[in-house]
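Undergrad:
Numbering (the numbering used here), first residue to last: -18 to 160.
1. Taking 6 Å as the limit between beta carbons, can you name the residues of its chain near residue -3, skipping five residues before and five after?
2. Measure the alpha-carbon distance for residue 136 versus residue 88 and round it to whole angstroms.
3. According to DSSP, simplified to helix, strand and coil, what is residue -12?
4. From what residue to what residue does the alpha helix (DSSP H) around residue 62 run?
5. Given residue 31, which residues of its chain have a CB within under 6 Å of its CB, disregarding the five upstream and five downstream residues?
6. Report, in whole angstroms, the separation of the C-beta atoms of residue 53 and residue 99, which I expect to be a contact under 8 Å.
7. Compare the beta carbon distance of residue 101 and residue 78 with 8 Å and say whether it is the shorter of the two.
Encoded structure:
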């Protein structure tokens, strides 16, 4: 604070700084409440992707039972064929990936022990239907960020309480004008 400023200017500047800190702490509290919601949203997208993989696997199996010419792999053309033949309801099937839709592909022969996977989430782990396809590096990085956020969220209630008391102290402390 400038030494040539008047007492009123100094007090108003101090009040402004306290209000600014209060707003920052309130934003911290809002963030601590909202961040678990975003983590759950990503988990739900992953579950939806795995559900689509199971649906696609069932559609391929039904198609193979009904036709002499069997499907041995999955790509975009096969998915369009399964939709056109009404083995999959709806107009499209894609992974609910956050930036752009993930794509479903297959590894190995689906008539034997092949597996359907998403190029973002990977395959359903431990389902016993063949090899497990690892998720993409981008998904793995997102998982690490999510785990870090979850660890930080465990500390946020403590930080929030400390911040709340700090704001109270800042608001009620300060230089009182001597008359």
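Built from N, CA and C at the ideal position, the CB exists for glycine as well.
TA: Well, looking at it:
1. The count along the chain shown starts at 1 and reaches residue -3 at position 16. Answer for residue -3: no residue qualifies.
2. By 1-based counting over the chain shown, the position of residue 136 is 155. By 1-based counting over the chain shown, the position of residue 88 is 107. The straight-line gap from Cα to Cα measures roughly 42 Å.
3. Taking the chain shown and counting its residues from 1, the one referred to as residue -12 is at position 7. It is helical.
4. What you label residue 62 is simply residue 81 of the chain shown in a count that begins at 1. That run of the alpha helix (DSSP H) goes 57 to 65.
5. As a position in the chain shown, residue 31 is number 50, starting the count at 1. Contacts found: 105.
6. Position 72 of the chain shown, counted from the start, is the residue given in the question as residue 53. Position 118 of the chain shown, counted from the start, is the residue given in the question as residue 99. Not a contact, Cβ separation roughly 19 Å.
7. Here residue 101 refers to the residue found at position 120 when the chain shown is read from its first residue. Here residue 78 refers to the residue found at position 97 when the chain shown is read from its first residue. Against a cut-off of 8 Å, the Cβ pair of residue 78 and residue 101 comes out as a contact.
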